[in-house]
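Student: Below is a structure I'd like to ask you about.
Residue numbers (the numbering used here): 97 to 323.
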């Protein structure tokens with residue numbers, strides 16, 4: 097049980113932002129957990145031994161508040177579980193950047209780091225926001241203190257609903273690299289993202305995010321309060 101929980105910690109650090117399409121997915125989604133307003137699903141991946149993850153939640157808040165939280169990279173160590181460092185390596189444009197993050201893994205597993213290219217866009221008609229990210233590998237040299245994640249695909253999709261809530265859908269397919277067996281990761285993939293999504297649900301209602309104004313994000317309707 098302890099080994100299973102330790103492997104789960106590795107998965108927690110990658111649960112934070114978006115990615116490329118998931119063309120390698122295979123099979124139907126299977127519901128693994130549905131508590132506290134968060135549903136977690138997994139499914140097999142056609143070209144990977146690791147399972148793909150999907151997390152779904154609904155929040156009565158603005159799209160800008162969620163984007164503001166997800167793009168506040170420097171504060172990740174305050175709420176992203178086991179995040180050691182987090183920051184922007186390069187700002188390409190207001191809608192694209194290169195991000196770096198480390199994770200403090202439990203003994204005896206080596207610490208990990210990863211570099212991702214992040215792109216954000218919003219559909220002009222539906223106001224659906226998509227945040228996509230993918231690993232860029234050796235954008236900076238690999239440190240001997242970390243095992244570099246080379247295969248990372250994830251996505252956030254923020255869809256406004258008629259009742260004023262926002263549907264948050266997160267998908268992830270990642271190979272944590274190193275000597276971590278796929279079966280162990282697949283056993284532990286649910287608990288970490290579930291905990292992280294609940295942290296997002298709490299933190300997004302901080303005043304700094306409720307007042308967030310993102311120049312390229314348009315709200316679909318009047319912002320509703322938490323209650």
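Ideal Cβ placement from N, Cα and C applies to all residues, glycine included.
Nearest-angstrom Cα distance between residue 200 and residue 181?
Tutor: Between residue 200 and residue 181, the C-alpha separation is close to 9 Å.
Student: At 4 residues or longer, what runs of the alpha helix (DSSP H) sit wholly inside the region 164-202?
Tutor: Taking only runs of at least 4 residues, the alpha helix (DSSP H) segments lying wholly in the region 164-202 are 172-175.
Student: Would residue 252 be called buried (16 or more neighbouring beta carbons within 10 Å of its own) or exposed?
Tutor: Its Cβ being crowded by 16 or more others within 10 Å, residue 252 is buried.
Student: For residue 211 and residue 247, I'd like the C-alpha separation in whole angstroms.
Tutor: Roughly 10 Å between the two C-alpha positions.
Student: Mind checking residue 117: buried by the 16 CB within 10 Å criterion, or exposed?
Tutor: Residue placement at residue 117 is flagged as unreliable, the pLDDT there being 41, under the threshold of 50; the coordinate-derived value follows with that caveat. Looking at its Cβ environment, which holds fewer than 16 other Cβ atoms inside 10 Å, residue 117 is exposed.
Student: Given a cut-off of 8 Å, decide if residue 266 and residue 135 are closer than it, judged by their beta-carbon atoms.
Tutor: No. Outside cutoff.
Student: Hey, how far is the Cα of residue 156 from the Cα of residue 206?
Tutor: When rounded, the distance between both Cα atoms is 39 Å.
Student: Per DSSP, which residues does residue 312 bridge with? Please list them.
Tutor: In the DSSP output, where bridge partners are listed per residue, residue 312 has none listed.
Student: Check whether the Cβ atoms of residue 166 and residue 227 sit closer than 8 Å, and answer yes or no.
Tutor: In this structure, residue 227 lies closer than 8 Å to residue 166 by Cβ.
Student: Report back the beta-carbon spacing between residue 159 and residue 225 to the nearest angstrom; my notes put them in contact at under 8 Å.
Tutor: Rounded, the Cβ-Cβ distance is 6 Å, consistent with contact.
Student: Please work out which residues of its chain come closer than 8 Å, Cβ to Cβ, to residue 137, disregarding the five sequence neighbours upstream and downstream, and give them in chain order.
Tutor: Answer for residue 137: 125, 126, 127, 128, 149, 150, 151, 152, listed in chain order.
Student: If distances are taken between C-alpha atoms only, which option among 170, 238, 300, 130 comes closest to residue 208?
Tutor: Answer by Cα proximity: 238.
Student: So is the beta-carbon of residue 134 under 7 Å away from any non-hydrogen atom of the ligand ATP?
Tutor: No copy of the ligand ATP occurs in the structure displayed, which carries no ligand at all.
Student: Starting from the C-beta of residue 316, find all residues in its chain whose C-beta is less than 7 Å away, skip the five residues before and the five after it, and write them out in chain order.
Tutor: Hits under 7 Å: 223, 256.
Student: Where does residue 126 fall in DSSP's three states?
Tutor: It is a strand residue.
Student: Within this structure, are the beta carbons of residue 146 and residue 300 separated by less than 8 Å?
Tutor: No.
Student: Residue 254: buried (16+ other C-beta within 10 angstroms of its C-beta) or exposed?
Tutor: The residue is buried, with at least 16 neighbouring Cβ atoms inside 10 Å.
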